[in-house]
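Rendered as C-alpha cells:
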C-alpha cells in the first residue's frame with residue numbers, strides 16, 4: 075500500500091471514530107497532495123508525499139514558534155497536535171550523530187574543502203537524506219564539517 079493510500083485509509087478511520095482534530099489534519103494533508111498532483115499533472119510517489127509532509131511539518135513548527143512568541147498558546151497547541159498527526163507519515167528520523175557521519179562521508183566523496191562548497195554539499199545531502207533527517211540539523215552539520223575541513 076502506498077503512503078498516499080495509507081493516508082486515505084487513515085482519513086476514513088478518523089471519520090468513523092469521529093476524531094475531528096485528526097480528520098481535519100489528514101484532510102489538509104490530502105488537499106496539499108491533490109494540489110501538487112493537479113498543479114504538476116503528476117502522480118505522487120512515496121518520496122514526493124514525504125517531501126510534502128515534511129514541508130507541512132516545518133510550516134507548523136514555524137507557526138508554533140510564532141504563536142508561542144505572541145502568547146497564543148491555544149493556537150500553538152493546535153499546531154503542535156497537527157505536527158504529531160503529520161509526523162506519523164514520516165520515516166524514522168536520523169539522530170544528530172548519524173547525520174554528522176553521513177555529512178562527513180558526503181564531504182569526503184565530493185572532496186569539499188571549505189564554506190565555498192556548501193551549495194554543492196547541500197545538494198548532494200538533500201537528495202540522500204530527504205525525509206530522513208531534519209534539514210535544519212543537516213545544514214548545521216554541513217557548516218560544521220566544512221568549517222573543520
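In the numbering used here, the protein residues as written are 75 to 223.
From the three backbone atoms N, C-alpha and C, an ideal C-beta is built for every residue, glycine too.
Note that the coordinates shown come from a computational prediction; the quantities given were computed from them, not determined experimentally.
Cβ distance (whole Å) where residue i is taken to contact residue j below 8 Å
i	j	result
residue 194	residue 203	Contact doesn't hold; Cβ gap of about 15 Å is too wide.
residue 85	residue 101	7 Å
residue 104	residue 81	6 Å
residue 196	residue 216	6 Å
residue 225	residue 138	Shown here, the chain extends from 75 to 223; a query on residue 225 therefore has no answer.
residue 77	residue 89	About 19 Å; that fails the 8 Å criterion.
residue 170	residue 211	6 Å
residue 124	residue 164	6 Å
Residue i versus the options, residue with shortest Cα-Cα distance
i	options	result
residue 209	174, 190, 103 and 88	174
residue 179	77, 157, 153 and 219	219
residue 206	141, 122, 151 and 113	122
residue 129	168, 157 and 139	157
residue 176	214, 162 and 140	214
residue 127	107, 145, 150 and 111	107
residue 188	167, 172, 87 and 221	221
field: Segments of 4+ residues assigned as alpha helix (DSSP H) that fall wholly inside the region 98 to 156
entry: Here the runs fully enclosed are 120 to 143.
query: With contact counted as at least three CB pairs below 8 Å, one residue from each stretch, are the region 131 to 140 and the region 151 to 166 in contact?
result: With the cut-off at 8 Å, the region 131 to 140 and the region 151 to 166 touch.
- request: Would you list, in sequence order, the uninterrupted alpha helix (DSSP H) runs of no fewer than 4 residues that lie entirely inside the region 156 to 187?
  value: Within the region 156 to 187, the complete alpha helix (DSSP H) runs of at least 4 residues are 170 to 184.
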